[in-house]
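First residue of the sequence shown? That's 855 in this note's numbering, and the numbers climb one at a time after it.
Heads up, the beta-carbon is just placed ideally off N, CA and C, and yes, glycines get one too.
Notes follow once the structure below has been shown.
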Amino acid sequence: MASIDNHLSTAELQALDAAHHLHPFTDSAALNKKGARVITRAEGVYLTDSEGLRLLDGMAGLWCVNIGYGRAELGEVAQRQMNQLPYYNTFFQTSHPPAITLAAKLAELAPGDLNHVFYAGSGSEANDTNLRMVRHYWASQGKPEKSIIISRKNAYHGSSVGSGSLGGMTGIHAQGGMPIPGIVHIDQPYWYREGGDLSPEEFGLERARQLELEIERLGEENVAAFIAEPIQGAGGVIIPPATYWPEIQRICDAHEILLIVDEVITGFGRTGKWFGTEFYDLKPDIVTIAKGLSSGYLPIGGSLVSDRMIAGLEAAGEFAHGYTFSGHPVTCAVALENLRILEDEKIVERVETDTAPYLQKRWAELGDHPLVGEARMVGLMGALELTPDKSARAKFAADEGTVGLIGRETCFGNGLVMRHVGDKMILSPPLVINHEEIDALIELAVKSLDETHAAAKAQGLMVAG
Ligand code: PXG
855 MASIDNHLST
865 AELQALDAAH
875 HLHPFTDSAA
885 LNKKGARVIT
895 RAEGVYLTDS
905 EGLRLLDGMA
915 GLWCVNIGYG
925 RAELGEVAQR
935 QMNQLPYYNT
945 FFQTSHPPAI
955 TLAAKLAELA
965 PGDLNHVFYA
975 GSGSEANDTN
985 LRMVRHYWAS
995 QGKPEKSIII
1005 SRKNAYHGSS
1015 VGSGSLGGMT
1025 GIHAQGGMPI
1035 PGIVHIDQPY
1045 WYREGGDLSP
1055 EEFGLERARQ
1065 LELEIERLGE
1075 ENVAAFIAEP
1085 IQGAGGVIIP
1095 PATYWPEIQR
1105 ICDAHEILLI
1115 VDEVITGFGR
1125 TGKWFGTEFY
1135 DLKPDIVTIA
1145 KGLSSGYLPI
1155 GGSLVSDRMI
1165 AGLEAAGEFA
1175 HGYTFSGHPV
1185 TCAVALENLR
1195 ILEDEKIVER
1205 VETDTAPYLQ
1215 KRWAELGDHP
1225 LVGEARMVGL
1235 MGALELTPDK
1245 SARAKFAADE
1255 GTVGLIGRET
1265 CFGNGLVMRH
1275 VGDKMILSPP
1285 LVINHEEIDA
1295 LIELAVKSLD
1305 ETHAAAKAQG
1315 LMVAG
């Protein structure tokens, strides 16, 4: 077998990949006919594939490589920790320095009274923890019937049985007997597509008040929590109108509903604040974290939990829950080093005051493109709504995602990773992207939009439906 550096040819790798490797959220038969793109190395904001092609990574891996690729410090810390203590568990009344130090650091960075962390291996696992923890909390308060969790359609909270049920993705719910009982989904605050004639402000209030109506319908005494992403990521970078979050917070407070804010994407600088919770001035009881916590260098997730909840939970004795890799020493050490880099290099502050304003200005220019109905962005996460008719916020007559897929493939062909969600193009670059790289990104995006537009016209797809 060839080594990692001197790897097999692309064709050989693709053949083995097709024969043995099952990809997430992938039609294997379709992929195997074509062969996967094989990424072999990365540096800064650039990826290199097995053919030596450079790609500007406009997705930060999968919304996670916040500090960019190639930071040797993380590898060095991992090596040191592996040599010293590669693994020990945090069950049975044991602990270790990396898990402890990271917990203290997270308590320092997290807003409000989120002073406790329960570790998981991923965002999905963390949301599974949350599902059980909020119910356990209410049971500890003598209210076991307060167990229903309200979420939103088109939310993404993971793809395990629990987290996939919390999410509101119809594609996930259609497979494997989901969602599980006890979870209901209200409408999302997606003004561009669902706002009709309402102003964004009116629409934001209307969608937030659905939460109150749902609580009244179910009975406040039966509802445990509301879970939501500050900005829906996988759903298509859906930025709620300014009226939405204050009203949600008011409703949760008024009805004694716990607020779980899923910051797997928005955490650790994506919005220009350390947490989206600060961006929207929220007071959550639990915050879900993963992805940017380690910049994706190693898998780790967790639940940040408030003092108030911990007081209740501690009175209830053992929480019968935990993962072999809860607080894994190497991942915790690497996450700590990632947080050190984010802090020491003032990366989050730079996003807020410099690179996000700059990218947002350049991104807004794409709104003038004939194929783009809206160009929106908060911090360094954005979307372009592709449309056959800008004035009418029109949908394409063709199946949803037909033009978006052309867009994604065109971007890839031009050396830019931008992913599509239906007919939206999504951007979430590493937080270390600089002005020159932003200019290069916009140039590639314009070229790709022009080519996508031309292809859509040639295929008769510029028709509203
Ligand atoms: N919550 C949110 C808000 C997420 O974005 C998860 C939870 C689950 O995390 P794990 O670590 O279990 O994957 C996520 C993950 C996409 C895409 O296509 C997004 C995610 C995962 C996979 C694909 O945009 N987000």
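Skipping 5 residues on each side, what residues in its chain have a beta carbon closer than 8 Å to that of residue i?
i	result
Ala1169	Ser994
Ile1085	Val1091, Ile1092, Ile1093, Pro1094, Ile1119, Thr1120, Thr1125, Gly1130, Val1232 and Met1235
Lys959	Leu1190 and Leu1193
Leu1220	Val1226, Ala1229, Leu1238, Ile1296, Ala1299, Val1300 and Leu1303
Gly966	Thr1131, Lys1137, Pro1138 and Ser1160
Gln1042	Arg1006, Lys1007, Asn1008, Ala1009, Gly1022, Glu1048, Arg1061, Gln1086, Gly1089 and Ile1092
Arg934	Ala1187
Whose C-beta lies closer than 7 Å to the C-beta of residue i among residues of the same chain, with five residues either side of it excluded?
i	result
Tyr1212	His1289 and Ile1292
Thr1153	The sequence given here places Pro at residue 1153; Thr does not occur at that position. Same-chain partners within the cutoff: Gly975, Ser976 and Thr1185.
Ile1260	Thr1306, Ala1309 and Ala1310
Ser1013	Ser978 and Ile1026
Arg1273	Met913, Arg1262 and Ile1280
Leu1020	Asn981, Leu985, Ile1003, Ser1005, His1011, Ile1037 and Ile1081
Gly1022	Ser1005, Arg1006, Lys1007, Asn1008, Ala1009 and His1039
Ala884	none
Cys1106	Phe1080 and Leu1113
By Cβ distance below 6 Å, which residues in the same chain neighbour residue i in space, the five residues on each side in sequence not counted?
i	result
Met1163	Tyr991 and Asp1139
Gly1227	Glu1239, Thr1241, Lys1244 and Arg1247
Val919	Ser1149, Gly1150 and Pro1284
Ser1017	Ser978, Asn981, Asp982 and His1011
Lys1127	Phe1133
Tyr942	His950
Determine, using beta carbons only, whether residue i and residue j come nearer to each other than 7 Å.
i	j	result
Gly1050	Thr1097	no
Ser904	Val892	yes
Gly1089	Tyr1177	no
Ala1189	Leu1147	yes
Ile1296	Arg1230	no
Glu1074	His1027	no
Gly1087	Trp917	yes
Val1141	Glu1172	no
Gly924	Glu897	yes
Asn886	Ala872	yes
Leu1298	Leu1225	no
Ile1002	Leu1072	yes
Gly1276	Gly1258	yes
Asp1161	Asn969	yes
Val931	Leu1158	no
Ala1062	Glu1101	yes
Pro1175	Arg986	It should be pointed out that residue 1175 corresponds to His in this sequence rather than to Pro. Going by C-beta atoms, His1175 is nearer than 7 Å to Arg986.
Pull up the DSSP beta-bridge partners for residue i, would you.
i	result
Leu1238	Ala1229 and Met1279
Tyr973	Gly1156
Ile1003	Ile1037 and Ala1079
Arg891	According to DSSP, Arg891 bridges with nothing at all.
His1274	Met1279
Leu1220	Bridge partners of Leu1220: none, in fact.
Thr1142	Asp1116 and Ser1157
Gln968	According to the sequence displayed, residue 968 carries Leu and not Gln. DSSP lists Ser1160 as partners of Leu968.
Gly898	Tyr923
Arg908	Thr902
Phe1250	Ala1318
Ile1092	Gln1086
Whole-angstrom Cβ separation of residue i and residue j, contact assumed at under 8 Å?
i	j	result
Arg1204	Ala1082	With a Cβ gap of about 28 Å, Arg1204 and Ala1082 do not count as contacting.
Leu928	Pro1183	Incorrect: roughly 14 Å between the Cβ atoms, too far for contact.
Thr1329	Gly1181	Shown here, the chain extends from 855 to 1319; a query on residue 1329 therefore has no answer.
Glu1321	Ile1004	Nothing can be reported for residue 1321, as the shown portion of the chain is limited to 855 through 1319.
Ile1040	Leu1065	6 Å
Leu1136	Leu1113	7 Å
Val1286	Val899	7 Å
Gly1319	Lys1249	6 Å
Gly1123	Ile1201	6 Å
His861	Leu867	7 Å
Val1271	Leu901	7 Å
Under a CB-based cut-off of 7 Å, is residue i close to chain B?
i	result
Ala1308	Here chain B cannot be found, since the structure has a single protein chain.
* Assess, as a yes-or-no matter, whether the region 946-954 is touched by the region 981-1000 under the definition of 3 or more beta carbon pairs within less than 8 Å. => As far as the Cβ criterion goes, the region 981-1000 does not touch the region 946-954, which means the pair count is below three.
* Does the region 1070-1079 come close enough to the region 1021-1032 that 3 or more CB-CB pairs lie under 8 Å? -> The region 1070-1079 and the region 1021-1032 do not touch, with fewer than three beta-carbon pairs separated by less than 8 Å.
* Asked: Does the region 1264-1281 touch the region 909-916, meaning 3 or more C-beta pairs lie closer than 8 Å?
  -> Yes, they touch.
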